[in-house]
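Working notes for the structure below.
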Amino acid sequence: MTGVITLDQFAAIDVRAGTIVEVADFPEARRPSWKLTIDLGPEIGTKRSSAQVTDLYRRETLVGRQVVCVVNLPARRIGPFLSEVLTLGFSDEAGSVVLVRPERPVPNGARLF
Numbered sequence: 042m043t044g045v046i047t048l049d050q051f052a053a054i055d056v057r058a059g060t061i062v063e064v065a066d067f068p069e070a071r072r073p074s075w076k077l078t079i080d081l082g083p084e085i086g087t088k089r090s091s092a093q094v095t096d097l098y099r100r101e102t103l104v105g106r107q108v109v110c111v112v113n114l115p116a117r118r119i120g121p122f123l124s125e126v127l128t129l130g131f132s133d134e135a136g137s138v139v140l141v142r143p144e145r146p147v148p149n150g151a152r153l154f
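Its first residue numbered 42, the sequence shown is counted upward by one per residue in the numbering used here.
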């Protein structure tokens, strides 16, 4: 177990559901990755993220998929690409990233609590 945080610290992390609306190649990335455009609802809008998930997910299987993102971290430059949100995932036994998604459809922009 890692360090304990307070409920207020957890509440400061803004985790939202969104739908992937576009997937693009990211040939400049050091590790194989996709550039994702994610609709996070009317309050947040559309944001971009990079995801190292090319081994488990094809472009066609990602478009329309709901994912879970941290939306209040600073943007991060990855080569020529500006990643605006952190798309969440878990490593499987082989070290591949399995994307986190809601158990059933929720509105884009729905907040985790």
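Backbone N, C-alpha and C fix where the C-beta goes; we use that ideal spot for every residue, glycine too.
Could you check the C-alpha separation between residue i and residue j for me, to the nearest Å?
i: Ile54; j: Val111; result: 7 Å
i: Thr87; j: Val109; result: 13 Å
i: Thr47; j: Phe154; result: 14 Å
i: Asp133; j: Glu84; result: 33 Å
i: Leu77; j: Ala52; result: 26 Å
i: Val126; j: Leu114; result: 7 Å
i: Arg142; j: Val56; result: 11 Å
i: Thr60; j: Val94; result: 16 Å
i: Arg89; j: Gly150; result: 14 Å
i: Asp66; j: Gly44; result: 37 Å
Could you say which of the options lies nearest to residue i if we only look at CA atoms?
i: Ser64; options: Arg100, Val56, Ile85 and Ser74; result: Inspection of the sequence shows that residue 64 is occupied by Val rather than by Ser. Selected option, being the one with the closest Cα: Arg100.
i: Arg72; options: Ser137, Arg89, Gly130 and Leu114; result: Ser137
i: Ser74; options: Glu84, Arg57 and Ala92; result: Ala92
i: Pro148; options: Thr78, Arg117 and Arg106; result: Arg106
i: Pro68; options: Asp49, Arg57 and Ile119; result: Ile119
i: Asp80; options: Asp66, Phe131, Val62 and Phe122; result: Val62
i: Arg145; options: Ala58, Thr43, Gln50 and Gly44; result: Ala58
i: Phe122; options: Arg152, Thr128 and Ala70; result: Ala70
My guess is that residue i and residue j are in contact by the Cβ rule of under 8 Å, so how many angstroms apart are they, rounded?
i: Val139; j: Leu97; result: 7 Å
i: Ser124; j: Ala135; result: The Cβ separation is near 24 Å, so there is no contact.
task: Counting only runs of 4+ residues fully inside the segment 70 to 143, write out the alpha helix (DSSP H) ranges in chain order.
output: 82 to 85 and 100 to 103
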